[in-house]
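Okay, so here's the structure we're looking at.
In the working numbering, the protein residues as written are 34 to 339.
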C-alpha cells in the first residue's frame with residue numbers, strides 16, 4: 034500500500050512540474066493583461082533547446098537554462114505582435130503554437146541528421162530514489178531536481194506578484210492600464226517584460242519534459258501540455274498558488290493513467306490516455322464561468338484612448 038501511494042505521489046510530482054512552469058508563465062502574462070495561448074509552442078521550443086544543448090554539450094543544466102532562454106526569445110514574437118503592434122492576442126498565440134513545432138522539427142532534423150527525435154541525452158539529477166533511499170519504499174518517489182525548482186518558482190512568483198512594488202504594477206496594468214499609465218507606469222514595457230518571462234517559464238517547462246521525464250526530444254514530447262497548463266491557470270483563478278494546485282490535480286490524472294495502464298484495472302489504454310484531456314475539458318466547462326480573469330486581460334492598450 035505504501036509503495037503504491039509513494040509511486041502515485043512521485044509520478045504526480047514528476048508530471049505536474051512541466052505544467053507548473055507553463056502555468057506560471059501563463060499567470061505572469063495574463064496578470065499583465067496579455068493572453069498567452071502560445072504556451073504550447075514555447076514549451077516545444079524549450080523542449081527542443083534543452084535536449085539539443087544537453088546532447089551537444091553533455092551538460093543537462095546548460096540545456097535547462099538554454100531552454101529558458103530559447104522560450105524567452107521565442108516569446109518576443111508574441112510580445113511584439115500583441116504589445117507593440119496591438120495585434121489580436123489569440124491569433125498571435127495560435128501562430129506561435131503552429132510555428133513552434135515546425136521550427137523544432139526543422140532544427141531537430143539539422144542536429145540529428147534528418148531524424149525527428151534525439152538519442153538518449155544527459156538528464157537532470159534525481160534527488161530522491163537513489164543513494165540511501167535505494168531499496169526502500171521511499172525510492173518509489175523517484176523525484177528529480179525540477180520538482181523543487183518548480184515549487185520554488187511558484188513561491189517566487191507569488192511573492193513578486195503580491196509582495197513587491199513591481200508585482201503591484203503588473204496587477205495594476207492587467208486590471209486598469211489607463212489608471213496605471215496616469216501613475217507613470219509604462220504599460221507596454223511592463224506587458225512586454227511579462228510576456229518574455231512567460232516564455233522563459235514555458236521553456237523551462239519544455240526542458241523538464243525532455244531532461245527529466247522522457248530523456249530525449251520527440252515530436253510528441255509536449256503533446257498538449259501547454260493547453261493543460263492554460264486550463265490550470267483558469268482553474269487556479271490566475272494565481273500562482275491556485276495554478277500550482279491545479280497542476281498537481283492534472284499530474285495526478287496522468288499518474289493514474291500510468292498506474293492503471295500497468296494492468297491493475299482492465300481499462301483500454303486508449304481510454305486511459307484520454308483521461309488528462311477529458312479532465313481538462315470538464316474543468317474548463319465547470320470553472321471557466323466562475324473564474325474571473327484580470328479586467329484588461331486580452332485588451333490591447335492604446336495610450337490616450339477612451
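We treat Cβ as the ideally placed atom computed from N, Cα and C, and that holds for glycine.
For the alpha helix (DSSP H) containing residue i, name the first residue and the last one.
{"i": "residue 214", "result": "210 to 215"}
{"i": "residue 282", "result": "273 to 292"}
{"i": "residue 146", "result": "Taken as a continuous stretch (DSSP letters only), residue 146 belongs to no alpha helix (DSSP H), as it is neither H nor E."}
{"i": "residue 101", "result": "93 to 112"}
{"i": "residue 37", "result": "35 to 64"}
{"i": "residue 244", "result": "Neither: residue 244 is in no alpha helix (DSSP H) and is coded neither H nor E."}
{"i": "residue 197", "result": "Element bounds for residue 197: n/a, residue is neither H nor E."}
{"i": "residue 77", "result": "72 to 90"}
{"i": "residue 258", "result": "258 to 268"}
With DSSP as the reference, identify every bridge partner of residue i, one or two as the case may be.
{"i": "residue 177", "result": "159"}
Is any heavy atom in the ligand GDP found nearer than 8 Å to the beta carbon of residue i?
{"i": "residue 154", "result": "The ligand GDP is not part of this structure, which contains no ligands at all."}
Among the options, whose alpha-carbon lies nearest the alpha-carbon of residue i?
{"i": "residue 230", "options": "40, 47 and 54", "result": "54"}
{"i": "residue 52", "options": "241, 307 and 332", "result": "241"}
{"i": "residue 332", "options": "62, 40, 88 and 81", "result": "62"}
{"i": "residue 48", "options": "176, 202, 92 and 227", "result": "176"}
{"i": "residue 78", "options": "279, 280 and 237", "result": "237"}
{"i": "residue 111", "options": "67, 100 and 152", "result": "67"}
{"i": "residue 216", "options": "50, 336, 80 and 57", "result": "336"}
{"i": "residue 258", "options": "73, 180 and 35", "result": "73"}
{"i": "residue 222", "options": "56, 65, 39 and 252", "result": "65"}
Drop a sphere of 10 angstroms on the beta-carbon of residue i, count the other beta-carbons inside from all chains shown, and report buried for 16 or more, exposed for fewer.
{"i": "residue 37", "result": "exposed"}
{"i": "residue 212", "result": "exposed"}
{"i": "residue 307", "result": "exposed"}
{"i": "residue 59", "result": "buried"}
{"i": "residue 135", "result": "exposed"}
{"i": "residue 69", "result": "buried"}
{"i": "residue 130", "result": "buried"}
{"i": "residue 139", "result": "exposed"}
{"i": "residue 28", "result": "It is not possible to answer for residue 28, since the shown part of the chain is limited to 34 through 339."}
{"i": "residue 178", "result": "buried"}
Take every Cβ of the stretch 322 to 333, pair it with every Cβ of the stretch 304 to 312, and state whether three or more of those distances are shorter than 8 Å. no
Would the stretch 104 to 113 and the stretch 141 to 161 be scored as touching if the rule is three or more Cβ pairs under 8 Å? no
Between the stretch 130 to 145 and the stretch 81 to 89, do three or more beta carbon pairs fall short of 8 Å? yes
Does the structure place the stretch 197 to 205 close enough to the stretch 38 to 47 that three or more beta carbon pairs sit under 8 Å? no
Does the stretch 265 to 285 come close enough to the stretch 175 to 194 to have 3 or more Cβ pairs within less than 8 Å? yes
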